[in-house]
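All residue numbers for the sequence shown refer to our numbering, where the first residue is 1085 and numbers rise by one. Glycine included, every Cβ here is placed at the ideal spot set by N, Cα and C.
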Amino acid sequence: MNPERTLVLVGATDETVRKAHDLGLSVLLLQHPTKVSEEQNRLVAAVEVVDYTDWTLVEPLVRAWHESPGFAAATSLTEPGLEAAGRINDLFGLGGTGYEVTARIRDKAAMRRYVAEHDPEHAVGARSLRTREDLDAFGASYGFPFIVKPVDATASIGVQRVEGPADTDRVWDEVSRLSGTRTDRVSSLFVLRDFLMEEFLDGPEFSVESFSFAGRHVVVTITEKFTSDGHFAELGHAVPARLSAADEDAVREAVGGFLDVMGLRDGVCHTEVRLTAKGPRVIEGHNRIGGDAIPELVQSAFGVDLSTLALAHPFGLAEELPDRPQPRGGACVRTLVGAPGTRVESVAGVEEARAAEGVIDVRVSARPGDDVRALKDNWDRLGLIAVAAGDATAAIRRGAEVIREHIRVTLARPDGTTVLAEPAEVEPPANLLILHRNPLGPFPYRAWLPEHTGDIVVLADRGKIELAGEKVPDGPLDYTRLEIFDDFDADEVEARAVELITEHGITGVSALHEADMLLAARLRERFGLPGAWHDDVMPFRDKVLMKERAQEAGIEIAAWAQAATADQARAFVAEQDFPVVFKHRHGFNSVGLRILHDADSFEECLTEVYGAGERDDVLLEDFVPGRMCHVDGLVVDGRVALAWPSQYQYDLASFGSDAGPRIDLTLDVDDPLTPRLLGLADEVLAALSPEASRLRDYSFHMEVFHTPDDRLVLCESACRPGGAKIREVFDALFGVHLGEYAVRVDAAHAAPEGVRERDDASGLPAPRCMAGQALMMKQPGLVRALPPLPEEPWLAGFWLYAEVGQVIAPASGSSDFLAAAVGTAPDRAECERRLRALGEWVRERSEIGDAP
């Protein structure tokens, strides 16, 4: 046996021993009497069965081993063995983490004192609990609630929350009961002696799985932890945690700083953190792997086996990790819980669950005859299942599916009836408020959110519903609540939204119309909800801010002026000449946009615009010749992930005069404009929504002039899906509906199938075909005839927005259609031919005359 390849392992599972053996290491095992197994005896070179938490028993054994056969390293991956491993490292100068560092991390009171002394900025208020009066004094100093917990335990055993002065007697009685007791009913091997009082930290909880290489701390992943008020049992875990880039960086920095302060330089660490309003704060640290199958999640999602790395690293048998390992998917632990007061009657389906798609591990601790206890700590759960999927959200959903479909833990109530154990609820149901200024038919929110279990509350615009020829519903349809407003710009819409957010516990607000983007942002900000807030949306809604941001980024735009008076407008025209464009600073759908070609029409416009005096909501732009292009797509975590350019074959502002079809076509893959427009979209969105913005996941619509001299000039960009039938065109290209993507993001659900975060080095996916839309605008009069629904196989959709016998008004904006169609073809030229022929067919079969 080679001493240079011999490891002292203090406490271990069969799997840990097996991994060390597979590395070619000779293992000298110190194992607790309650933990030894035949598998361990078979694989190790020697084993001593001893209470390894007692150093007086361990020291003579390791001294003898050091004499013969000798060893080069000592480690433990389990909490009770850490201090003994540290003492062995110190005693023989083996390197690795010593006793002093291990003890100050493990002892929760010592950790709090050390951080307060060496890093007061990140300290958490804490004091040792000695007497009943200490509880009152701590509450007076730090307020209620606060936390009481043992200084030397795991799995949330003995942790309590002191709610207020009236709760201190209950907590003290429980501390007195627990003091001096052992934790033998679980895997820990400690006696609960000392207790600690800690300041309550509010905010979501995470654990950080890291590995340190001579002081270089590699955060392999941040693990999202699921808990619930009223107890301290962990209900699940997911990797990688669904955090914004800014929050992820803050957690990484905080944990790296904590490890530096504590003096940990080598090996694995599992650090628990809360993300508070003041930033991340460490709850506890453990220089070992995490429990609850977290290492299995990490290995599945990142390909990093933390246990093997911890065993191999001291012997130079593993390469160091890169600073930021990249995930190849997501993984999750879902726990199994039951109703307190029931008794386990039978357990079935475990092997069936192990064979299910995506399952990493199944651990059911419930046995027939067991009483189901109220949840207090991790050992009150009935089991867990670990699963892998495309991302963390999908894994969370998959874990619950496997439990419900396969695992059958039958629980008997006192009255003899039975019930099945269920997956613990890891997240409160998402409740969605939708501001809907569109027809109802093209926006099937329920179909877009099939797994949504929370409320869906829709506030809708009566005018848009009736304008599309739809019947205004007299009930909620299949939504929790549907309320129709006659004036969607009235103050009562926002006031009602505020009431409903409170009443329904709304967790997300969604809007797909340009006119509602700022209201949705204000509501999110007012209630602290996720998604874009006011300042995040303004660069897309305020054309002045948009142009300033674009200019700062070096993006070409048309000459412009914010003309407060008629004289300022005249000065702009004197410098730029005609034609000139008048538009509203916050306008949309080309409403109010005017292109003026001569002095007479210009002066007439000035009289109308400035008749009431100065104003700050008017923009003038130099007219840019050329064809208008647009880029539509979606952004995942701040980066364009799916997008494609198109080109209008008509003038946007001519909606009131176009008699024939307005054709809009996607650009071919090999069109020279395609990569240029996609590249420009990256630049524009980076300028309007920088990394600090909360606007990270959204659909966008960007309009760009392509000039006769081959320049690309930005017109405008919106942080919502394009109008008309652009959403349906995009669906034909990629099988992804831009409206569905935006709503699913706002509802905190996984992106639709086919949406993946873009790798920095990768280009954008190409569409599966070419597509386009043909739009027939409304003409005023009595509708006497309309065409039947066409049955062309290349049509992806056809819509009529009027009925025979209806009197219709002229088009009020660029989205006020008589008919619309979306078609597909192998290339742009064929798509144009098909759509123009269809437009002529619609025109020939439509008759709109004077109204009686």
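Limits of the unbroken alpha helix (DSSP H) element including residue i
i	result
Glu-1576	1575 to 1588
Ala-1942	What the structure shows of the chain is the stretch from 1085 to 1936, and residue 1942 is not part of that stretch, so it cannot be assessed.
Tyr-1732	Where Tyr-1732 is concerned, there is no enclosing alpha helix (DSSP H), although the beta strand (DSSP E) it sits in stretches over 1723 to 1732.
Leu-1817	1810 to 1818
Leu-1276	Element bounds for Leu-1276: n/a, residue is neither H nor E.
Glu-1332	1329 to 1346
Tyr-1226	1216 to 1226
Ala-1604	1601 to 1611
Neighbour-count burial assignment, residue i, 16 or more Cβ in a 10 Å radius
i	result
Val-1292	buried
Gly-1314	exposed
Ser-1271	Per-residue confidence for Ser-1271 stands at a pLDDT of 46, beneath the threshold of 50, marking its modelled position as unreliable; the derived number appears in the next sentence. Buried, because 16 or more other Cβ atoms sit within 10 Å of the Cβ of Ser-1271.
Gly-1467	buried
Ala-1531	exposed
Gly-1108	exposed
His-1116	buried
Leu-1873	exposed
Asn-1173	buried
Pro-1058	Absent from the model: residue 1058. The displayed extent of the chain is 1085 to 1936, so no value can be given.
Glu-1916	buried
Val-1577	buried
Ser-1152	exposed
Ala-1472	buried
Residue i in three-state terms, based on DSSP
i	result
Lys-1192	helix
Arg-1497	coil
Phe-1297	strand
Thr-1426	coil
Cys-1353	strand
Met-1861	strand
Pro-1204	helix
Gln-1383	helix
Ala-1415	strand
Thr-1100	helix
Ser-1073	Because the chain spans 1085 through 1936 in this model, residue 1073 falls outside it and cannot be assessed.
Tyr-1694	coil
Glu-1659	helix
Arg-1852	coil
Ile-1373	coil
Glu-1404	coil
Lys-1555	coil
His-1105	helix
His-1618	helix
Gly-1067	What is shown of the chain runs 1085 to 1936, which leaves residue 1067 out entirely.
Arg-1211	strand
Arg-1654	helix
Val-1768	helix
Thr-1758	helix
Arg-1678	strand
Lys-1309	strand
Span of the beta strand (DSSP E) around residue i
i	result
Ser-1110	1110 to 1115
Cys-1915	No beta strand (DSSP E) contains Cys-1915, which is instead part of the alpha helix (DSSP H) from 1912 to 1928.
Asp-1046	Residue 1046 lies beyond the residue range present for the chain, which begins at 1085 and ends at 1936; the question has no answer from this structure.
Met-1085	Looking at the DSSP string, Met-1085 is not in any beta strand (DSSP E), and its letter there is neither H nor E.
Gln-1244	1244 to 1246
Thr-1908	1901 to 1909
Val-1232	1230 to 1234
For residue j and residue i, believed in contact at Cβ under 8 Å, the rounded distance
i	j	result
Glu-1775	Ala-1329	6 Å
Leu-1495	Val-1428	6 Å
Ala-1716	Leu-1822	The residue you asked about is not Ala; residue 1716 is Asp in the sequence shown. Confirmed, Cβ separation roughly 7 Å.
Asp-1748	Gln-1857	5 Å
Leu-1533	Gly-1592	Not quite, the Cβ-Cβ distance comes to about 11 Å (not below 8 Å), so this is no contact.
His-1397	Gly-1369	About 19 Å separates the two Cβ atoms, so there is no contact after all.
Val-1431	Ala-1377	The Cβ separation is near 18 Å, so there is no contact.
Ser-1594	Ala-1808	With 8 Å as the limit, Ser-1594 and Ala-1808 do not qualify as a contact, their Cβ atoms being about 20 Å apart.
Cβ of residue i within 8 Å of any chain B Cβ
i	result
Asp-1135	Of the protein chains in the structure, only one exists, and it is not chain B.
Practice task
Count the C-beta pairs between the region 1591 to 1611 and the region 1518 to 1536 that are closer than 8 Å, then say yes if the count reaches three, no if not.
Solution key: Cβ pair count under 8 Å is three or more, so yes.
Exercise for the section: Report yes or no: do the region 1141 to 1148 and the region 1356 to 1372 share at least 3 C-beta pairs separated by less than 8 Å? Expected result: No contact exists between the region 1141 to 1148 and the region 1356 to 1372.
Practice task
Check whether the region 1152 to 1167 touches the region 1087 to 1102, counting contact only when three or more Cβ pairs, one atom from each stretch, lie closer than 8 Å.
Solution key: Judged by Cβ distances under 8 Å, the region 1152 to 1167 makes contact with the region 1087 to 1102, as three or more pairs qualify.
Practice task
Could you tell me whether the region 1698 to 1714 touches the region 1822 to 1841, using the rule of 3 or more Cβ pairs below 8 Å?
Solution key: Contact fails: fewer than three Cβ-Cβ distances are below 8 Å.
Handout entry: the region 1229 to 1248 / the region 1283 to 1303 touching (three or more Cβ pairs under 8 Å)
Key = For the pair of segments examined, the region 1229 to 1248 was found to touch the region 1283 to 1303: the number of CB pairs separated by less than 8 Å reaches three.
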